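Chains as they are written, first to last, in the UniProt record's numbering: chain A, 1 to 349; chain B, 1 to 342; chain C, 1 to 243; chain D, 1 to 415.
Set out below in structure tokens:
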């Protein structure tokens, strides 16, 4: 970092300059990456472009999860709740009330944030920690799933189809199926989420959140209202994951209770961050890049299995076995995840 | 935020229980908490009466109670294994249900080969015990003492692998293991299948055996010692690594036994175990994490909640009422109905 | 002028009275030493007045305002900060970040917080560790960090829970000097729990002796140590056991 | 700043690599592309793996047999005898996968799609079809909502949930009246998903028109129900004389076992509507005596039709398995597209779509007239028939022209 010509850092009484904050580096990296990725959908064949969109949805979900569980230290096993709320809020507004998905995304964020704050308030009020906290978040997501399955208000297990529009429209967030616009919108949303998380982490609130994660009592003792910042973090985390849900609906044009609130959705929000690196800015993104295409790779393999494994043809489940194995290996061998480990080696301050 | 800072790391989930003032009055283990049993019984009676009012039919309520109690015993057995593992190893074992699924398929295979389904116990219990030892020594031992999330993620990984390996090799077509000579048995005005009653009785027997093992044998004493204080246990010469492996294996053996017992009742699919797993977590929290007797009682309560909930909330999934009970217990009595004792 | 006033606070745990009708006052700019054998309730009293525990009865006033039952961060905001007996840094952060957060939490401006924190770190003599991660820091440094972090929130009253414990004698003197400076230069009022009698004798204006949750006696250091009840209370326990 | 670049590169590279890793599908399709000049592609989208793989493979096989039959008969004669080529894809029963696989088939040049079994997957695939203006002929998927979107490119061969529920109620009324024991009260036991609910609603509306009281209606979660005894006890307590059951295979067997255990005395019949268990040959085998007398009003392959018998024989020989109705529906669906190709005068999907909308194609499904599509894309002649387990085998019993034998009502004479 010394090679850059930055304005001189302020010096202290002892005469040593203060270390530079890493945040600008993150912001620059995000910008560079965004610019590099813009032409991607024009290069990729359509099938791969849709994989790329899926990667971005994974990343978005997991950036949200990481905010609460990584930086906030509150391990959520129920992020499907927020993904589903985002998906359902935007689908409900669009299908039942003809409201633009853009407004639907915002509404989903607001509702998810409010729900997260409510769960968070209850969980913190009753001092649930560790396993109890994780199980409570799981229970709330499952309750939403069961409720949605049987509630006329959200069309029961049928879910929602997003009606097709006669022509492409930015306002209705609907394009030709092979349009690169989908990728660009997802990319923009992911970049915004990354920038928001970097800005949040360097803000007063983000710093307080990390302090409260490290030691709640010590944080309170230096004057941090721990509850307020934990709730704020949970709300922000839920809002980001809700964006992923809302975009999912607009891209796949369909949602039902299992796709929205199923426990596998919660796992999909956890895995990228754990594989990439929990409590790192880039972990969820890297994890999503690893995880997103796995399904297609294994499906391809199972369609034409290599010699000796012919009996696997037409079977499914291999992709999840690979996720599971990867998960165990990462937790045991690289507990800081792929990026976390790399950062430790390369960017050691 | 009035958490007692001088208690140090309250974050360790099990400690929550020890903060309960009631705990002091009912010292761990021995004394029978009559008052609490009375309260729970009263609550159950109220729930049954309300169900009667709601449904207007005595037969329906009797049937619901019978079915609930019978399946509740099985939930209890599954949850005992889970709670034992939590109490001793501090692991929230997400793979418990998948061990059960494995035992289901094992039982199916043996029954296909002509063995009586219940004789499969002789294979499934030792096999799952062995698998438990292997998993604990091979995978989980490397993460002992790490943050709770690590173990949770590892067991999640194990469950994903087992479940999908079953899917990969057996496919998802539902299978069943019919019990020879199965028939309806009248219980008061209600009826229940013989297989269901046998599963219940079997679950109670095994639960009793496990209880005796923990209370009356040297091994059980060692396990309880490690649960209470592992460094202390180490100091008096207990090899905690062996105890960890044995306890985890006992837990998975419970899942194995439960798998064989329920095989005639359920449709055998790779995901069947996951359904039981969710219920078992609820039961464990209800009974108090690490409390083996609490798990059995919790199982009965949840079995009833599931059946009666179907009467209270018609058209809603019975699981919803299970989760409602779960969340209420989490918030109001996080230490469970019986606090903590292993 | 009385800055901190504690009136008859009590706290029971599971029927056991850990703190029993304890009252005392601390004048602005003074230093109060709190001593007592193990289990006397010293840390519990800190927890009660700093808001970590809610007293069963009794009141706490800070600068004339009642703060009984306030949460810890509210107490800190009202002007009283505590340290912990076991060092509790924000483990994922460097020394500088730890103190910066405390400066921010004390209402410091974001622009100048890091500079202010760095100055504070230099002042407590942690300069060479400033950019080090707190993981693996020696005990002496962690004790200083705990102190720097507490001071960073600009308290009027500082509650110190055994800041000297775990330090070798050579490391104690500079810390004691620092405490005196805090009183003289910054006008901070100090209340400290301590086992090391030499420090209590040197620093305290007055001493509060606790035993079994009650106030045994209070007075000037020399008087108190001559009090036969105090000596009796300490019998069977070496007051330097924790040194 | 060098590290920033390194980081960006490190992030971009795996993404690019991952994209290549996923290129299997495209590679496969390029291989197929070489033949695109001389064949006409039809896409077959079914769950070839996953929870419904057995049914999915049956349907895919049915589609294959149809293509084979058409090619053996000289291909598409109006287009110079061009041969059909079936491109199969696996939805894994997952909507996202269904969507991307459908997209892949369309990019490969499929002129029409056949599929897909699960309603959620079909919903997604129908959207792909609509957006790409390629016709989709649904073989199996009964949810009403799919065709309620107003899509122009989606057609359905099997009857919808509403048709099934309505006809089910009519059959029940007629059979009971003919037996001289008109139905008084029907209790309903249905899975809580869209299928069970839609069947319940349609059945209830039609039954009440005939003066039959319907209630209680008890829902259960098909995914995790392990026992239906309490529910059947509720039926017993209600005193209903008929129990209608709308669900899938596993829960259907549970319901049969529960009825055999509880034995509601007032019950004259257990009556499935589009039940996933009651009309399958393996149902009497698994449920044993408990299955005897069970009715099911469902679409079903017409075993009285000679062509159907030939197809069943061929299927048995080729795949060593008894043909299921799903496979027959897939077979018919391919026939629908082939018929349209004969009349469309080209292979542009839009023209094929118009030809499908106007077509009339004979079917192997019992009770149905030729397949003709109404304005919403629904097969106007799709209707169920009534079957009953008699002597341990599933028999067609109603309407009279499709009956192999007479219905037995009340079904439980011995109780």
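Beta carbons are placed, not taken as given, at the ideal position from N, Cα and C, and that holds for glycine. Since the structure is predicted, the reported quantities are computational estimates derived from the model, not experimental observations.
Ends of the alpha helix (DSSP H) at residue i?
i, result
"residue 73/C", "72 to 78"
"residue 216/A", "216 to 221"
"residue 173/D", "161 to 178"
"residue 57/D", "53 to 72"
"residue 97/C", "95 to 105"
"residue 451/D", "In the structure displayed, chain D extends from 1 to 415; residue 451/D sits before or after that span and is not available."
"residue 159/B", "148 to 170"
Which residues in the same chain as residue i place their Cβ atom closer than 6 Å to its Cβ, once the five residues preceding and following it in sequence are excluded?
i, result
"residue 328/B", "none"
"residue 276/A", "283, 284, 286, 287, 337, 338 and 339"
"residue 310/B", "318"
Start and end of the beta strand (DSSP E) containing residue i?
i, result
"residue 295/D", "295 to 298"
"residue 95/D", "From DSSP, residue 95/D is part of no beta strand (DSSP E) but of the alpha helix (DSSP H) over 95 to 107."
"residue 191/D", "185 to 191"
"residue 2/C", "2 to 13"
"residue 387/D", "385 to 390"
"residue 59/C", "57 to 62"
Would residue i and residue j qualify as a contact pair, given that the criterion is a beta-carbon distance under 8 Å?
i, j, result
"residue 136/A", "residue 330/B", "yes"
"residue 308/B", "residue 146/A", "no"
"residue 155/D", "residue 377/D", "yes"
"residue 345/D", "residue 123/D", "no"
"residue 148/B", "residue 226/B", "no"
"residue 78/C", "residue 117/C", "no"
"residue 129/D", "residue 331/D", "no"
"residue 233/D", "residue 59/B", "yes"
Could you tell me which residues DSSP pairs with residue i in its beta bridges?
i, result
"residue 269/D", "242/D"
"residue 85/D", "41/D"
"residue 186/B", "191/B"
"residue 313/D", "Answer by DSSP bridge pairing: none, since residue 313/D is not bridged."
"residue 189/C", "157/C"
"residue 137/D", "114/D and 155/D"
"residue 142/A", "Answer by DSSP bridge pairing: none, since residue 142/A is not bridged."
"residue 213/D", "185/D"
"residue 379/D", "373/D"
"residue 208/C", "34/C and 218/C"
I'd like the list of long-range same chain contacts for residue i, defined as Cβ closer than 8 Å, with 5 residues on each side in sequence excluded.
i, result
"residue 119/B", "110"
"residue 182/B", "193, 194, 195 and 264"
"residue 17/C", "10, 11 and 213"
Suppose the cutoff is 7 Å on Cβ atoms and the five residues either side in sequence are ignored; what does the same chain contact list for residue i look like?
i, result
"residue 47/C", "53"
"residue 276/B", "78, 97 and 100"
"residue 183/C", "29, 31 and 190"
"residue 172/A", "100, 101 and 165"
"residue 70/B", "192, 196, 197 and 200"
_Please list, in chain order, the residues of the region 150 to 165 of chain A that have any C-beta partner in chain D closer than 7 Å._
Of all residues in the region 150 to 165 of chain A, those with a C-beta nearer than 7 Å to a C-beta of chain D are 150, 156, 157, 158, 161, 163 and 164, reading in chain order.
*Report the residues of the region 208 to 241 of chain D with a CB closer than 9 Å to any CB of chain B, ordered along the chain.*
216, 217, 218, 219, 220, 221, 223, 224, 225, 226, 227, 229, 230, 231, 232, 233, 234, 236, 237 and 238
*Check distances from the C-beta atoms of the region 104 to 123 of chain C to those of chain A and list, in chain order, the residues that come in under 7 Å.*
104, 105, 106, 110, 114, 115, 118, 119 and 122
_Output needed in chain order: residues of the region 139 to 154 of chain B with a Cβ under 9 Å from some Cβ in chain A._
139, 142, 143, 146, 147, 148, 149, 150, 151, 152, 153 and 154
*Scan the region 187 to 198 of chain B for residues whose Cβ lies nearer than 8 Å to a Cβ of chain D and list them as they occur along the chain.*
190, 191, 192, 193 and 196
_chain A contacts made by the region 74 to 86 of chain C, where a contact means CB separation under 9 Å_ = 74, 75, 76, 77, 81, 82, 83 and 84
*Within 8 Å of chain A by C-beta, residues of the region 374 to 386 of chain D in sequence order*: none
*Near-chain A residues of the region 177 to 210 of chain C - C-beta to any C-beta below 9 Å*: none
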